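J.: Protein chains in written order, with numbering that gives the first Met the number 0: chain P, 0 to 483; chain X, 0 to 648.
Cβ coordinates follow ideal geometry from the N, Cα and C atoms, glycine included.
Just so you know, these numbers come straight off a predicted model, no measurement behind them.
Quick one: the structure is below, and I'll ask about it shortly.
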Amino acid sequence: MFLLLLLLIPLVGALLSFVIGRNEASAKSVAIASSLLSLGVFIYAAAQFTSGSTEIFSFAKPWIASAGLNFKFSADGISVLLLALTSVLVPLIVLSAADKGREKSNVFYSLVLFTQFTLVGVFTAGDLFLFYFFFEAALVPVYFLIINWGGENAPKSAFKMFIYTIFGSLLMLAAMVFLYTKGQTADLEALKSTAALMPAKVQMLLFGAFIIAFAIKMPLFPFHTWQPNAYTDSPATATMLLSGLLSKMGVFGLIRIALPMAPLAANEYAMIVTLLAIVGLIYGSVIAIKQDDIKRLIAYSSFAHMGLMAAGVLSGSVEGIQGAVFQMLAHGVNAVGLFYVAKIIFDRTGTRSLSQLGGISQQAPVLSVLFMIILLGSVALPLTNGFVGEFLMLKAVFEFDKLIGVIAGLSIILGAVYMLRLFQNTMFGEVKDSQLIIADVTGLERLVLVIISGIVLIMGVFPNVILKVSEPAAVTLLDYLSSI
Amino acid sequence: MSLISLIPLFPLIGFLINGFGYKKIPKSLVAPIGIGASLLSFISTVLVYLEFKQSEETIIQPLFDWITVGGLNISFAFQIDQLSILMLFIITGVGTLIHLYSKGYMSHDEGYGKFFAYLNLFLFSMLLLVMGANYLIMFIGWEGVGLCSYLLIGFWNKREDFGDAARKAFVMNRVGDLGFLIGIFLLINQFGTLEYLSVFEQAKALPVGDIGLMFITFCLFIGAMGKSAQIPLFTWLPDAMAGPTPVSALIHAATMVTSGIYMVVRSNVLYTLSPDTLEFIAWIGTLTALVAASIALFQNDIKKVLAYSTVSQLGYMFIGLGVMAYTSGFFHVITHAFFKALLFLGAGSVIHAMSDEQDIRKMGGLWSKIKITSITFLIGTIAISGLPPFAGFFSKDEILAHVFEHNKLMWALAMLGSFMTAFYMFRLFFLTFTGTFRGTKEQEDHLHESPSSMTIPLIVLAVLSVVGGFIGFPEIFHLPHALSEFLSPIYEGSRSVNPEFGQVHLSHSMEWLLMGGSVLLALIAFAAAYMVYVKNKSLPVADGELSGLKKVLADKYYLDEAYNKTFVNPVEKASTFFGNVFDTKVLDGAVNSLGSFTAILGKASNKLQTGSTRFYLLVMGMAIAAILLLNIGNELVDGFFSMFKAQIK
């Protein structure tokens, strides 16, 4: 029942915002109200979930009964956490969107809410084809956000992202239809027994198809080249949605689809995928060091972080999966925070070029402190949210293979290099343009950044609150994998 | 809320008040809050000590479970025992004095409130480091002090080079931290826990020379090399002098940089079981002590001399640890905290008096002008030079005696370093305080003794630098070694795995001889410095006029340049290449050509002109077609698979 509400609220919100939001203010109000309502419902539901009952978190209605297709939504601990991420980030993203001079606000907010609808669908789909539908549908609103409100090169970047993703989806759909015809059902739970009995070579193919689709979505090396451009050219809102939430669909897909549907192959492929993931981790980190555009720098950093998550999931250990799930939340929050700071800096100075920035902390100390906290989360300082996930994932990768673990560990050094450079070149030093008056963050901007920094610290000090929610799901998955 | 938790809580509260109230709290309240937080923490330490003294039993204070995953549970817990008590006294005691000093030193700075907030945050992190009951809590503090160090080195961050120094410190520390982290992974792997008591208990069952332990202790020591500025990770510390002087005294002399020594002493069972690691530590220490001391001979910035001196003294502490004389190494941590904090604060007072001048070639003759600073600085100089009965003599002599027993060559090198120490310190003293004033007229008119908030800490530290050594008399004096008796329980594990542990086989006459030798050496160094800089009144030449070995030393063996060449430049080049060429041209180029091929195909077959949404439908159609193909038969799958398999193999 709650799942249905969580799905319907953003959908209705999207429609309402589109219809009645002709003037700018009301569109945003609808979006805020809708996203806050979702958050409220989620919190109410989550309170029930943690108290033990999982029943409320599933919902099924036959769709085409003869074909074994159901409208089935269900949520385990991992889904619940990703729902939490979605429910928390969407209001923040809506609040952070500035309306100054925007046309067609009703469409804009409608698309944002529609994205939320699709994300909830992905994270709770209990049926292969529902998953596929939402996975694909998520791309559409973001695509339109980018081409309509993005920068000069946005249409080109968006188109590349679109084509790239569809290529992956094609493979995924093929694999799904194959699974469906073999198992005569699209129910994810029921399919497990079919998948487990499939010959290893078939599983290898299936896994290959899935992993490419998800690798493009995250993205993973070498399927990432759409990402830096898309993140950089998109309007801030779309960048936040992409980096904070949509990228998590890829990792989630690994956990929910790729591993359970091809358990033998997951083991076989673990080394190759881990290697690619760690190559991407180091490669992205190294590239980030010399980037001049703030958004591009954060984009490469984001890409690097995704690599470690994939490696964590494939390590086949509870630390790895738990770390990756935790890091999905942490990275989602931090990426939104960092891209928001980038937007705030750009709004005030008219540039995102590090070589032209400097000295902002003198005029905007509050901004610099909040930026620093989010940045510390991103460089995984203990007692911030970034540490817990990285610690667990690095440990898992290290157990998986000592050498790869050490190489992956280099990312904590590289991360400090590029992130502190970002901070120093924007906040420290002398102001390059002495005429420029940089206002400190106030009002909504401050509120959003304070909430994000608060989450960074709270998650870092009390990670167990989150880890406990996903642990049973992670253990169940591992038990299933080891039982094959 | 227990008393133990209050120790780190007060600085945290102080940080929050001054941090959130930045620009709102009146300036007159900032210092009392900052100093008060530190003082309350000190008082709590005293109370905890009194409670602890009743039973002398290790106290574990669990707060909550921090990270629980699978079978691994890391609790947020504090441990109070002899070792943490001593560290707490140093941190909160010396910390409070330096907070007090900062009240005067930073009084004209616009970032006054920010400074006290950072200092409190540092205390909090440092306290976590020494109070944690497991390696991950230590790691919180370990990285936390690194952050505070970064913030405080870059305190005057308008200057770009100061910002660079801060970043260098953080990144170099991170290199060490990675080693530490890997050590932690190995610990979990071997013991299934990170809690000290459990790890050490389990370790006692392992044989000496256990290979797993060797890796663990080695990796943890890499962390110590970063934090405690040992070769090859020491070059950040001299640059860290960009921070305000109280920071240099507190963080980069008395407390943070000694974390590495604390870590080894804390893990003494593990190290006792790993003689190879210990040997490595001893040699790294020796090398660092020598290299840093030799660089210090040719530095002319008063703080740089002290910075290299710190690196060198940290080397001595590690020599002590390396020869399994843990208490001696730790003894030097204590005495060094007194005299080096004193010297740095004295240097700060000099800089204050000299209107921010730091070049000793432009000083001279300050003895009569700033009496308290001069006398206390002289005390610090004598103490570090190892002249009896001042503090440094006792701790250094104890280390040297153990080294002599361990390895004669190492001992000779350590003596050489000790000679250089006495020389460069007296060189520094003479150039600064004796002779004639070489600064500008304006500076001379402005010369003044510092306010009492600065001189009181100097006096207290000077007294401690005189008497601090009395906590550890040599055996031959027939007086008690209070420190060694107090610390004895923490070596219970080391004693049980190594029956020889803590036994000295030197004859008394030999010990007298060694002691006499090192005192004589220090006196010769003093005399030499006196001859050169007082009698002959010679001055260090201007930068760039040195040649040969002297130039190499003055230029710090070109280590920074070497690091830039071998690490920084290649990574930056790789970054540019990957970012501007490989990623955009090669990888993305390949994708683009593939993409345009598809687009042409699409256009030709469908006259698709209106954009991507229709193309999307087309692709979906293609997907369904592909699926039908796939379902024709398993043969096809098999064929495809064998092709694929051949590819990945």
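Please tell me whether X:C147 and X:L120 are closer than 7 Å, where the distance is taken between their beta carbons.
T.: Here the question's residue 147 of chain X lines up with position 148 in the second sequence. Here the question's residue 120 of chain X lines up with position 121 in the second sequence. Yes, Cβ-Cβ distance for X:C147 and X:L120 is below 7 Å.
J.: Does the beta carbon of X:I66 sit closer than 7 Å to a beta carbon anywhere in chain P?
T.: In the second sequence, residue 66 of chain X corresponds to position 67, counting from 1. It does; some Cβ of chain P falls within 7 Å.
J.: What three-state label does DSSP hand X:D355 in the structure shown?
T.: Here residue 355 of chain X refers to the residue found at position 356 when the second sequence is read from its first residue. Three-state result, X:D355: coil.
J.: Checking 7 Å against the spacing of the C-beta atoms, do X:G186 and X:I215 come in under that value?
T.: Here residue 186 of chain X refers to the residue found at position 187 when the second sequence is read from its first residue. Here residue 215 of chain X refers to the residue found at position 216 when the second sequence is read from its first residue. According to the sequence shown, residue 186 of chain X is Leu rather than Gly. It is a contact, given that the beta carbons lie within the stated cut-off.
J.: Quick one, are the C-beta atoms of P:A257 and P:F206 less than 7 Å apart?
T.: Along the first sequence, read from residue 1 onward, the residue named residue 257 of chain P stands at position 258. Along the first sequence, read from residue 1 onward, the residue named residue 206 of chain P stands at position 207. Yes. Within cutoff.
J.: Is the Cβ of X:G69 closer than 7 Å to any Cβ of chain P?
T.: Along the second sequence, one-based indexing puts residue 69 of chain X at 70. X:G69 counts as touching chain P.
J.: Is the beta carbon of X:I34 less than 7 Å from the beta carbon of X:H98?
T.: To locate residue 34 of chain X, count along the second sequence from 1; it is residue 35. To locate residue 98 of chain X, count along the second sequence from 1; it is residue 99. A contact, by the Cβ cut-off of 7 Å.
J.: Tell me the start and end of each unbroken beta strand (DSSP E) in the segment 2-29 of chain X that is at least 3 residues and wholly inside, in chain order.
T.: Complete beta strand (DSSP E) runs here, min 3: none at all.
J.: How long is the line joining the alpha carbons of P:Q183 and P:A195, rounded to whole angstroms?
T.: Working through the first sequence from its first residue, we reach residue 183 of chain P at position 184. Working through the first sequence from its first residue, we reach residue 195 of chain P at position 196. Rounded to whole angstroms, P:Q183 to P:A195 spans 15 Å at the Cα level.
J.: Skipping 5 residues on each side, what residues in its chain have a beta carbon closer than 8 Å to that of X:S394?
T.: Working through the second sequence from its first residue, we reach residue 394 of chain X at position 395. Once the five neighbours on either side are set aside, the close Cβ partners of X:S394 are S327, F330, H331, I333, T334, H335, G468 and G471.
J.: Among X:I294, X:L296 and X:M316, which residue has its Cα nearest to the Cα of X:V263?
T.: For the purposes of this step, residue 263 of chain X is identified with residue 264 of the second sequence, where counting begins at 1. Nearest option by C-alpha distance: X:M316.
J.: Measuring CB to CB, does P:A309 end up less than 7 Å from P:G243?
T.: The count along the first sequence starts at 1 and reaches residue 309 of chain P at position 310. The count along the first sequence starts at 1 and reaches residue 243 of chain P at position 244. Not a contact, by the Cβ cut-off of 7 Å.
J.: Quick one: is P:E318 near chain X, going by C-beta distance under 7 Å?
T.: For this step, residue 318 of chain P is matched to residue 319 along the first sequence. Yes - at least one Cβ of chain X is within 7 Å of the one on P:E318.
J.: Say whether chain P places a C-beta atom closer than 7 Å to the C-beta of X:A223.
T.: As a first step, residue 223 of chain X must be located in the second sequence, where it is residue number 224. Not one chain P Cβ lies under 7 Å of X:A223.
J.: Please state the DSSP three-state secondary structure of X:P243.
T.: Walking along the second sequence from the start, residue 243 of chain X turns up at place 244. In the three-state DSSP reduction, X:P243 falls in the coil class, being neither helix nor strand.
J.: Which residues in chain P sit within 8 Å of X:Y21, going by Cβ to Cβ distance?
T.: On the second sequence, residue 21 of chain X is found 22 positions in, with the first residue counted as 1. Neighbours of X:Y21 on chain P, chain order: P364.
J.: Are the Cβ atoms of P:I215 and P:Y163 separated by less than 7 Å?
T.: Within the first sequence, the letter at position 216 stands for residue 215 of chain P. Within the first sequence, the letter at position 164 stands for residue 163 of chain P. Their beta carbons are under 7 Å apart, which means P:I215 touches P:Y163 by this criterion.
J.: Are there 16 or more other CB atoms within 10 angstroms of the CB of X:R173, so buried, or fewer, so exposed?
T.: On the second sequence, position 174 is the one that residue 173 of chain X refers to. Buried is the call here.
J.: Under 8 Å Cβ-Cβ, which residues of chain P neighbour X:K650?
T.: Here chain X covers residues 0 to 648 and nothing more, so residue 650 of chain X does not appear.
J.: If the criterion is Cβ atoms closer than 7 Å, does the pair X:G259 and X:K226 meet it?
T.: What you label residue 259 of chain X is simply residue 260 of the second sequence in a count that begins at 1. What you label residue 226 of chain X is simply residue 227 of the second sequence in a count that begins at 1. Yes; because the gap between Cβ atoms is below 7 Å, this pair is in contact.
J.: Extract the residue ranges of the alpha helix (DSSP H) inside the segment 73-132 of chain X, only unbroken runs of 4 or more that lie entirely within it.
T.: Listed in chain order, they are 81-104 and 111-130.
J.: Applying a beta-carbon distance threshold of less than 7 Å, which residues of chain P neighbour X:S574?
T.: Residue mapping note: residue 574 of chain X aligns to position 575 of the second sequence, counting from 1. Result: V285, I286, I288 and K289.
J.: When you compare the CB of P:F133 with every CB in chain X, is at least one pair closer than 7 Å?
T.: Counted from its first residue, the first sequence places residue 133 of chain P at position 134. Output row for P:F133: interface = no.
J.: In three-state DSSP terms, what is X:I350?
T.: Working through the second sequence from its first residue, we reach residue 350 of chain X at position 351. DSSP places X:I350 in helix when its eight states are reduced to three.
J.: Return the residues of the segment 125-140 of chain X that lie within a Cβ-Cβ distance of less than 8 Å from chain P, sorted by chain order.
T.: Here the close residues are L135, F138 and I139.
J.: Taking 7 Å as the CB-CB cut-off, is X:D542 touching chain P?
T.: Stepping through the second sequence from its first residue, residue 542 of chain X is reached at position 543. By this cut-off, X:D542 is not an interface position.
J.: Helix, strand or coil, according to DSSP, for P:F222 in the structure here?
T.: Residue numbering aside, residue 222 of chain P sits at position 223 when the first sequence is read from its first letter. Of the three classes helix, strand and coil, the one that applies to P:F222 here is coil, per DSSP.
J.: Just how far apart, CA to CA, sit P:G12 and P:L36?
T.: Numbered from 1 along the first sequence, position 13 holds the residue referred to as residue 12 of chain P. Numbered from 1 along the first sequence, position 37 holds the residue referred to as residue 36 of chain P. Their backbone Cα atoms lie some 10 Å apart in a straight line.
J.: What is the DSSP secondary structure of P:W148, counted as helix, strand or coil?
T.: To locate residue 148 of chain P, count along the first sequence from 1; it is residue 149. Helix.
J.: Taking only beta carbons into account, state which residues of the segment 551-584 of chain X come closer than 7 Å to chain P, listed in chain order.
T.: V570, E571, A573, S574, T575, F577, G578 and D582
J.: By the DSSP assignment, the alpha helix (DSSP H) with P:S284 in it spans what residues?
T.: Within the first sequence, numbered from 1, the residue matching residue 284 of chain P stands at position 285. Run containing P:S284: P262 to I288, per the alpha helix (DSSP H) assignment.
J.: From X:G112 to X:E560, what distance separates their C-alpha atoms?
T.: By one-based count along the second sequence, residue 112 of chain X stands at place 113. By one-based count along the second sequence, residue 560 of chain X stands at place 561. Answer to the nearest angstrom: the Cα atoms are 37 Å apart.
J.: How long is the line joining the alpha carbons of P:D439 and P:P364, rounded to whole angstroms?
T.: As a working note, residue 439 of chain P is residue 440 in the first sequence. As a working note, residue 364 of chain P is residue 365 in the first sequence. So the alpha carbons of these two residues sit roughly 7 Å apart.
J.: Once you ignore the five residues that flank X:I631 on each side, which residues in its own chain have a CB closer than 6 Å to its CB?
T.: Within the second sequence, the letter at position 632 stands for residue 631 of chain X. Interpretation of X:I631 is limited by its pLDDT of 40, a score under 50 that renders its predicted location unreliable; no figure is taken from the coordinates.
J.: Straight-line CA distance for X:P237 to X:Y307?
T.: Locating residue 237 of chain X in the second sequence gives position 238, counting from the first residue. Locating residue 307 of chain X in the second sequence gives position 308, counting from the first residue. Using only the alpha carbons, I get a separation of about 6 Å.
J.: Taking the beta strand (DSSP E) that P:S233 falls in, what are its first and last residues?
T.: For this step, residue 233 of chain P is matched to residue 234 along the first sequence. Per DSSP, P:S233 belongs to no beta strand (DSSP E) and is neither H nor E.
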